[in-house]
Amino acid sequence: MPLRVAVLRTAASVLASFILIDGGEAELIYQCAYDPAFAFCSPGTLLRQFVENDAARRGKAVLDFGPSDEPYKEEICDTATQLMRTIRPLQPSGAAFATLLRARLAVKRRIKATPTLYSAICRANRRRALMRKRLSSISALRRDPETLEPA
Numbered sequence: 039m040p041l042r043v044a045v046l047r048t049a050a051s052v053l054a055s056f057i058l059i060d061g062g063e064a065e066l067i068y069q070c071a072y073d074p075a076f077a078f079c080s081p082g083t084l085l086r087q088f089v090e091n092d093a094a095r096r097g098k099a100v101l102d103f104g105p106s107d108e109p110y111k112e113e114i115c116d117t118a119t120q121l122m123r124t125i126r127p128l129q130p131s132g133a134a135f136a137t138l139l140r141a142r143l144a145v146k147r148r149i150k151a152t153p154t155l156y157s158a159i160c161r162a163n164r165r166r167a168l169m170r171k172r173l174s175s176i177s178a179l180r181r182d183p184e185t186l187e188p189a
C-alpha cells in the first residue's frame, strides 16, 4: 500500500500533517499531528477537510480514521462500533508483561468511563504542562541552540 503525507503549512512552519495509506477504495489516515501553538485555529480540522475532499475527488468510498475516541470523529460519524483489544503473550515469559498491560488498560477504561475523574486528570495534565513550560522559560540554564558547539 502506498503511503502519502498531507501537510498544511505556512512559509515558516508546519501547522498539521497526516500520514495516509492508500488502501484501494479506502483512504486510511494512519497518524495525525498538529502544532499546539496553532491549535486555536484548528489546523487539523482544516487539513482533514482537504483530505476528505481529495479522497472524494479521487473516487475513494471509505475514509478510515482508525480506532480511538477523539472528539473530532463524533463530528463526522454518528455511529460507533465497540472495538476489542486482546493482549496475549506469545511466549510464557511474556505472561507477566501481558497481565500488566491488561491491568493498565482496565484502569484507563475505568478512568475514561468516569467523567469527573477523567476531567480532573486532564486538568492536572494541562496544569503540569503549563508549569513545565513556564519553568523552562524562566530557567537560568537556558541556552541558545545556535551558540552551542558540536561535540
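For reference, each letter of the sequence shown is one residue, going 39 to 189 in this note's numbering.
Ideal Cβ placement from N, Cα and C applies to all residues, glycine included.
Practice item. Tell me V100's beta-bridge partners as DSSP assigns them. Key: Answer is A64.
Review point. If you drop the 5 nearest sequence neighbours on each side, which residues of the same chain put their C-beta closer than 7 Å to that of E63?
Key: For E63, the CB contacts under 7 Å within the same chain, skipping 5 residues up- and downstream, are K98, A99, V100 in chain order.
Review point. How would you write the range of the beta strand (DSSP E) that R47 sits in, first residue to last?
Key: Residues 41-47.
Exercise for review: Ignore the nearest five residues each way along the sequence and tell me which others in Q69's own chain have a CB closer than 8 Å to its CB.
Suggested key: Same-chain partners within the cutoff: F56, I57.
**Study point:** Other residues of its chain near L66: CB distance less than 6 Å, five sequence neighbours each side excluded
**Key:** Same-chain partners within the cutoff: I59, D102.
Review point. Ends of the alpha helix (DSSP H) at G82?
Key: Boundaries of the alpha helix (DSSP H) harbouring G82: 81-95, taken from the DSSP string.
Practice item. Taking only the alpha-carbon atoms, compute the straight-line gap between P74 and I125 and give it to the nearest angstrom. Key: One C-alpha to the other measures close to 32 Å.
Check your understanding: Within this structure, are the beta carbons of A54 and L85 separated by less than 7 Å?
Key -> It is a contact, given that the beta carbons lie within the stated cut-off.
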